[in-house]
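K.L.:
Quick note on full-length UniProt numbering: the sequence shown kicks off at 1 and runs consecutively. Built from N, CA and C at the ideal position, the CB exists for glycine as well.
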Amino acid sequence: MRPTIDVSPLTHSLPLAQPALLDTPATPSISAASTALAMPSVLFVDQSGQLGGAEFALLQLAGSCTARSQVVLLTDGPFRARLEALGARVQVINDARVSGVVRQGSALNCLRAVPGILRQVRAIATRAREFDVLFLNTQKALVLGALGKPLHRKPVIWYQHDILTRQHFGRVQLSIVKWLVRFAVDQVVANSQASAQSLAVLTGRAADSVPVVYNGIDASAFSRVDGADMAALRRRLALPEHAWLAGLFGRLAPWKGQHIALDALARLPGVHLVLVGAPLFGEDVYAQRLHQQAEQLGIAERVHFVGFQDDVPAWMKAMDVILHTSTEPEPFGRVIVEGMAAARPVIAAAAGGVTEIVRHRHNGWLVKPGDAAALAAAIGALRAEPALAQRLAKQALADAQHEFSVEQYLQRMTQAIAQAAR
Ligand code: UDP
Ligand code: GLC
C-alpha cells in the first residue's frame, strides 16, 4: 500500500515455493546473540529509506544479525541511519527512473524504467551471491530481487506486509506478485492471517499454506517511560496538561483515516486529538486537507499536528486513548500493539489483521472502519468509564507482552530464514 513499480512479468522455471507453518507456539525466548549464531548469512532488501512499519520490522531483524547480514535499500532516507546505528552494513542501490515509476505509471514510464530496473536486478543479484539467503521485505524488493534469481540462484524469502487485493493494488501488480511467488520465491512469510489469506486467494493455494509471523513490539521501551507524572510528561511534549487526549499514530495517508478521527472529534466537545506522523510517501495534499478539515469543523484548536516523532513510547504514554482508524483493511498495524504495550486503551478499525490482535471489550475496542459516529461513541464510552478503559488497557499490555514479543518475532523469523536456506 505504498508506491511500487509495474513491470512486465517474467517467468522462470524454478521450484515451487513450499512454505511450512510457523505460527506454532513460541519456544522460550532467545537472545539476539543466539539468533545471530543460528542465522545463515542474509542479504536484506527494502525499497524504502523512510520509516514505515515494514522498515521497523526489518530494523529489529537486521539489527539482530549484523555480523552475518547486509541491507540493500532502493532509496536513501532516515531508515539508513537507524540501521547503521545498530551496526548494520547498508548499501543504497538507487535509480531515480525506477523510483519514479509508481503504481499508476504510464506504459511509456515503465518502458523508460527498464534499463534502470535491469541494472538494479543485476546489482542486487551480484550482492546476493555473497550470502546464503536473499530476504525481500517489500513488493518492489520482491520484484527486483526475485527477477534476478537466475543470476544469483540463492533461496529467496519474502516477508509479505500487504493485503494483496484489488482494493489495494492494480491488476498488473498483483499478477507480477503472483507469478514471482509461484516461480521465484522459496518461502513467503506473511505479517498476519489476513495478509496470508489474500496471498492464498491470489495464488490459488490452500488458505493455511502461507506461514504467519507477527511483528514484535519491544514492550520494555514503553514500560521505561515514566507515565506516573502525566502533567510532567505532557509538559515535556508541549501537550495540553489537563485535556483528555486521543492519540492517532501513523503516516498521514487517506487510507489511514485521519479524516475519520477529525469527524469523530467534532462530535466530542472537550476531547483533543494528537496526530503523530507525517506524509511519508508523497501524501502532502492529504495532510493539507486534514488541516483544512479541522478548520472547517471548528476544531483546529483541539487538533495537534505534531509530525513524525521518534519517541513513540513517550507520546503514547501521554494519551488517554489510542485510536486506529484505517478505512481499508490494515495488514497488521504495529501502532495498535504499541498502544497496547503502552498500557493504553486502544480503539481500532475492525478489518484485516486488526481482528487478530484486538478482541472487542477484552483487550481493546473494535469499531466499523470509516464510521466516525461509531468511533465517537467508542471514545465517549471509554472516557465515561475509566474503570473499563483501565481494565482493557491492563489486558492489552499482557497480550502485547505475550503474543507480540520481539523474541517470538525474531525466533520465528530466524526459523523461516533457516528453512528457506535449506
Ligand atoms: N511511527 C513513528 N513515528 C511516528 C509515527 C509512526 O515511529 O511519528 C511508527 C509507529 O510507531 C509504527 C510505525 O511507524 O511502528 C507504523 O507502522 P504500522 O504497522 O502501524 O503502519 P504502516 O505505516 O507500516 O502501514
Ligand atoms: C505494512 C502494513 C502494516 C504493518 C506493517 C508491518 O506497512 O501496512 O499494517 O503493520 O507493514 O508488517
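Examine the Cβ distances between the segment 151-169 and the segment 373-387 and report whether three or more of them are shorter than 8 Å.
P.N.:
no
K.L.:
Pick from V354, I347 and L59: whose alpha carbon is nearest that of R361?
P.N.:
I347
K.L.:
On a CA-only basis, which of R412, D311, R302 and Q419 is nearest G277? Give me that one, please.
P.N.:
Per the Cα distances, D311.
K.L.:
If you run the structure through DSSP and keep just helix, strand and coil, what is Q167?
P.N.:
coil
K.L.:
Among all the DSSP beta bridges, which residues are the ones paired with E330?
P.N.:
G352
K.L.:
Would the beta-carbon of Q296 fall within 8 Å of that of H259?
P.N.:
no
K.L.:
Return yes when at least one heavy atom of the ligand GLC lies under 7 Å from the C-beta of N137, else no.
P.N.:
no
K.L.:
Can F222 be considered in contact with the ligand UDP, in the sense that its beta carbon sits closer than 7 Å to one or more heavy atoms?
P.N.:
Outside the cutoff, so no.
K.L.:
Nearest by alpha-carbon distance to V189: which of R119, V212 and L142 is it?
P.N.:
When only C-alpha atoms are compared, the closest one is V212.
K.L.:
Grab me the residues of D320's own chain with a C-beta within less than 6 Å of its C-beta, minus the 5 sequence neighbours each way, in chain order.
P.N.:
W244 and L245
K.L.:
Can you give me the start and stop residues for the beta strand (DSSP E) that Y159 sits inside?
P.N.:
V156 to Q160
K.L.:
My understanding is that I357 touches V337, with C-beta atoms under 8 Å, so please give their C-beta distance in whole angstroms.
P.N.:
6 Å
K.L.:
Which residues in the same chain as P313 place their Cβ atom closer than 6 Å to its Cβ, once the five residues preceding and following it in sequence are excluded?
P.N.:
A221, F222 and V225
K.L.:
Please determine if the segment 76-84 and the segment 167-178 are in contact, where contact requires at least 3 C-beta pairs separated by less than 8 Å.
P.N.:
no
K.L.:
Quick check on the DSSP output: the alpha helix (DSSP H) that includes A190 runs from which residue to which?
P.N.:
A190 -> not in any alpha helix (DSSP H); beta strand (DSSP E) instead, spanning Q187 to A190.
K.L.:
Between I93 and the rest of its own chain, which residues show a CB-CB distance below 7 Å, the 5 nearest in sequence each way excluded?
P.N.:
Residues V72, L74, Q120, A123 and I124 of the same chain have their beta carbon placed closer than 7 Å to that of I93, with the five preceding and five following residues left out of the count.
K.L.:
In chain order, what residues of the same chain have a beta carbon less than 7 Å from the beta carbon of G227, not counting five sequence neighbours either side?
P.N.:
So the qualifying residues of the chain are L233 and K317.
K.L.:
So does H161 have its beta carbon nearer than 7 Å to some heavy atom of the ligand GLC?
P.N.:
Yes, the ligand GLC has a heavy atom inside 7 Å of this Cβ.
K.L.:
Going along the chain, which residues put their C-beta within less than 6 Å of some heavy atom in the ligand UDP?
P.N.:
L51, G52, G53, A54, F56, F249, G250, R251, V276, G277, F308, Q309, V312, F332, G333, R334, V335 and E338
K.L.:
Below 8 Å on the Cβ atoms is my contact criterion, and I expect L180 with A141 to pass it. Report the Cβ-Cβ distance as a whole number of Å.
P.N.:
L180 to A141, Cβ: 11 Å. No contact.
K.L.:
Checking 8 Å against the spacing of the C-beta atoms, do I163 and P329 come in under that value?
P.N.:
Taking the C-beta atoms as reference points, P329 is found nearer than 8 Å to I163.
K.L.:
May I ask you to report which of helix, strand or coil DSSP gives S209?
P.N.:
coil
K.L.:
Name the DSSP bridge partner or partners of W365?
P.N.:
I347
K.L.:
Three-state secondary structure (DSSP) at L10?
P.N.:
Confidence at L10 is low in this model, with a pLDDT of 24, below 50, so its placement is unreliable and no value can be given for it.
K.L.:
Taking the continuous beta strand (DSSP E) assigned at G247, which residues delimit it?
P.N.:
W244 to F249
K.L.:
Return the Cβ separation of A351 and P331 in integer angstroms, given the expectation that the two are a contact with Cβ distance under 8 Å.
P.N.:
About 10 Å; that fails the 8 Å criterion.
K.L.:
Tell me whether the beta-carbon of K178 lies closer than 8 Å to the beta-carbon of T138.
P.N.:
no
K.L.:
Relative to the C-alpha of T165, which residue among N215, Y409 and S195 is closest?
P.N.:
S195
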